[in-house]
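Residue numbers (UniProt numbering): 1 to 268.
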């Protein structure tokens with residue numbers, strides 16, 4: 001082995017032991033994290049002096065519609081913790097590989113168990129106010145090898161702010177996972193066994209997922225109407241039921257789109 005090769009290897013070993021190369025490699029391998037809330041929602045983020053790290057992130061809806069919002073996996077991975085903690089409340093930890101983890105705290109409910117494999121956008125719980133919490137919010141962390149990092153969403157860093165309403169993020173977590181599409185509904189909507197058929201339950205107003213749409217009987221109130229029906233799982237009642245797209249908050253007559261403006265797929 002020539003002298004130049006020996007010097008190169010010694011330098012490489014020094015950089016690795018100092019963590020200069022290893023740290024950069026891990027950072028480059030970071031997952032493509034997205035906000036842990038449904039596609040299209042615009043929330044405000046901040047930290048506070050009580051956090052163990054300034055990069056721990058709290059987030060709320062500026063409209064006040066925080067509690068009950070679905071919490072989504074920021075990236076695909078495996079659930080390594082799902083527990084009720086006196087400080088963190090209902091919390092979930094997801095391992096993403098390469099030393100990366102995300103943590104979700106203070107939820108009102110957990111929808112996953114240890115060992116579950118989740119895709120990006122999979123619902124893992126709902127935002128709440130459990131544990132050491134002074135009001136409904138989602139506490140969120142991105143960690144690398146056990147250390148909290150500055151959060152990145154959709155390819156950009158979330159700036160450090162110390163109070164709400166200084167910075168806002170709009171979620172691009174739009175895959176929803178499991179063939180789900182996120183929509184907003186303006187009122188509690190009756191669920192039906194078939195489009196326009198027997199009423200079987202209720203889908204609560206707010207942010208919900210749907211699977212697909214079919215054309216069916218018209219629902220009309222005044223000048224507002226819609227013939228599209230969306231397949232979904234009801235909040236009260238069975239799964240795989242039908243709700244009229246009349247109840248969508250964002251769109252007009254005979255439209256059935258998700259929160260990004262994409263047409264919902266037709267049911268097959």
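Quick reminder that beta carbons are idealized off the backbone N, C-alpha and C, glycines included.
It should be emphasised that the depicted structure is a prediction, and the values quoted were computed from it without experimental measurement.
- Message: Give me the residue from 223, 87, 174, 202 with the minimum Cα distance to residue 121.
- Response: Taking the chain shown and counting its residues from 1, the one referred to as residue 121 is at position 121. Per the Cα distances, 174.
- Are there 16 or more other CB atoms within 10 angstroms of the CB of residue 241, so buried, or fewer, so exposed? Mapped onto the chain shown, residue 241 falls at position 241. Residue burial annotation: residue 241 is buried, with at least 16 other C-beta atoms found within 10 angstroms of its C-beta.
- Who pairs with residue 206 in a beta bridge, going by DSSP? Residue mapping note: residue 206 aligns to position 206 of the chain shown, counting from 1. Residue pairing by DSSP places residue 206 opposite 185 in a beta bridge.
- Query: In terms of DSSP beta bridges, what is residue 139 paired with?
  - Reply: As a first step, residue 139 is located in the chain shown; it is residue number 139 there, counting from the start. 58, 105.
- Message: Considering only DSSP beta bridges, list what residue 212 is partnered with.
- Response: Residue 212 sits at position 212 when you count from the first residue of the chain shown. Partner residues in the beta bridge of residue 212, as assigned by DSSP, are 231.
- Query: Going by other Cβ atoms of all chains shown within 10 Å of its Cβ, with 16 needed for buried, is residue 147 buried or exposed?
  - Reply: Working through the chain shown from its first residue, we reach residue 147 at position 147. That one is exposed.
- Could you check which residue in 209, 106, 247 has the C-alpha nearest to that of residue 219? Here residue 219 refers to the residue found at position 219 when the chain shown is read from its first residue. Relative to the Cα of residue 219, the nearest Cα in the group 209, 106, 247 belongs to 247.
- For residue 264, which residues of its own chain have a beta-carbon under 7 angstroms away from its beta-carbon, when the five flanking residues on both sides are left out? The residue you call residue 264 lines up with position 264 of the chain shown. For residue 264, where only same-chain residues beyond five positions count, the Cβ hits under 7 angstroms are 181, 210, 212, 213, 230, 256, 257, 258.
- Taking residue 206 and residue 238 to be in contact with their CB atoms under 8 angstroms, please state how far apart those CB atoms are, rounded to whole angstroms. Here residue 206 refers to the residue found at position 206 when the chain shown is read from its first residue. Here residue 238 refers to the residue found at position 238 when the chain shown is read from its first residue. In fact, because the Cβ distance is near 19 angstroms, the residues do not count as touching under 8 angstroms.
- Query: What residue from 253, 40, 55, 50 has the CA that sits closest to residue 152's CA?
  - Reply: On the chain shown, position 152 is the one that residue 152 refers to. Between residue 152 and the set 253, 40, 55, 50, the nearest pair of CA atoms involves 55.
- Item | Residues that residue 190 bridges to, as DSSP identifies them | As a working note, residue 190 is residue 190 in the chain shown. Beta-bridge pairing links residue 190 to 202.
- Message: I want to know whether the region 45-55 touches the region 83-93 - three or more CB-CB distances under 8 angstroms.
- Response: Result no; under three Cβ-Cβ pairs closer than 8 angstroms.
- Message: Relative to the C-alpha of residue 43, which candidate in 136, 94, 102 has its C-alpha closest?
- Response: Within the chain shown, numbered from 1, the residue matching residue 43 stands at position 43. Per the Cα distances, 136.
- For residue 163, collect the residues of the same chain with a Cβ closer than 6 angstroms to its Cβ; drop the 5 residues on either side in sequence, then sort them by chain order. In the chain shown, counting from the first residue as 1, residue 163 sits at position 163. The answer, listed in chain order, is 46.
- Query: Looking at the structure shown, is residue 245 part of a helix, part of a strand, or coil, going by DSSP?
  - Reply: Here residue 245 refers to the residue found at position 245 when the chain shown is read from its first residue. Helix at residue 245.
- Message: So, for residue 165: in the same chain, excluding its five sequence neighbours on each side, which residues have a beta-carbon less than 7 angstroms away from its beta-carbon?
- Response: Here the question's residue 165 lines up with position 165 in the chain shown. Answer for residue 165: 44, 62, listed in chain order.
- Query: Rounded to the nearest angstrom, how far is the Cβ of residue 103 from that of residue 125, given a contact under 8 angstroms?
  - Reply: Against the chain shown, residue 103 aligns to sequence position 103. Against the chain shown, residue 125 aligns to sequence position 125. Not quite, the Cβ-Cβ distance comes to about 12 angstroms (not below 8 angstroms), so this is no contact.
- Message: Classify residue 261: buried if its beta carbon has 16 or more other beta carbons within 10 angstroms, exposed otherwise.
- Response: In the chain shown, the residue the question calls residue 261 occupies position 261. So residue 261 counts as exposed.
- Query: Candidates 251, 92, 179: which alpha carbon is nearest residue 267's?
  - Reply: Locating residue 267 in the chain shown gives position 267, counting from the first residue. Of the candidates 251, 92, 179, the one whose C-alpha sits nearest the C-alpha of residue 267 is 179.
- Report buried or exposed for residue 191, applying the criterion of at least 16 other Cβ atoms within 10 angstroms of its Cβ. Taking the chain shown and counting its residues from 1, the one referred to as residue 191 is at position 191. That one is buried.
- Message: Assuming residue 189 and residue 244 are in contact, meaning their beta carbons sit under 8 angstroms apart, how far apart are those beta carbons, in whole angstroms?
- Response: Stepping through the chain shown from its first residue, residue 189 is reached at position 189. Stepping through the chain shown from its first residue, residue 244 is reached at position 244. At roughly 7 angstroms, the Cβ-Cβ gap stays under 8 angstroms, so residue 189 and residue 244 are in contact.
- Own chain partners of residue 232 with C-beta closer than 7 angstroms, once the 5 adjacent residues on each side are dropped: Numbered from its first residue, the chain shown carries residue 232 at position 232. In its chain, beyond the 5 residues on either side, 203, 208, 209, 210, 211, 241, 243 have a beta carbon closer than 7 angstroms to the beta carbon of residue 232.
- Pick from 250, 68, 150, 170: whose alpha carbon is nearest that of residue 53? Taking the chain shown and counting its residues from 1, the one referred to as residue 53 is at position 53. Nearest to residue 53 by alpha-carbon distance, out of 250, 68, 150, 170, is 150.
- Query: Over what stretch of residues does the beta strand (DSSP E) that includes residue 37 continue unbroken?
  - Reply: Within the chain shown, numbered from 1, the residue matching residue 37 stands at position 37. Counting along the chain, no beta strand (DSSP E) covers residue 37, and no H or E run does either.
- Considering only the beta carbon of each residue, do residue 97 and residue 144 sit closer than 7 angstroms? By one-based count along the chain shown, residue 97 stands at place 97. By one-based count along the chain shown, residue 144 stands at place 144. In this structure, residue 97 lies away from residue 144, with their beta-carbon atoms at least 7 angstroms apart.
- Query: Just curious, the beta strand (DSSP E) that residue 82 is in, first and last residue?
  - Reply: If you number the chain shown from 1, residue 82 lands on position 82. First-last of the beta strand (DSSP E) with residue 82: 77-85.
- Residue interval of the beta strand (DSSP E) (run including residue 95): Taking the first residue of the chain shown as position 1, residue 95 is located at position 95. In the DSSP assignment, residue 95 falls within the unbroken beta strand (DSSP E) covering 89-97.
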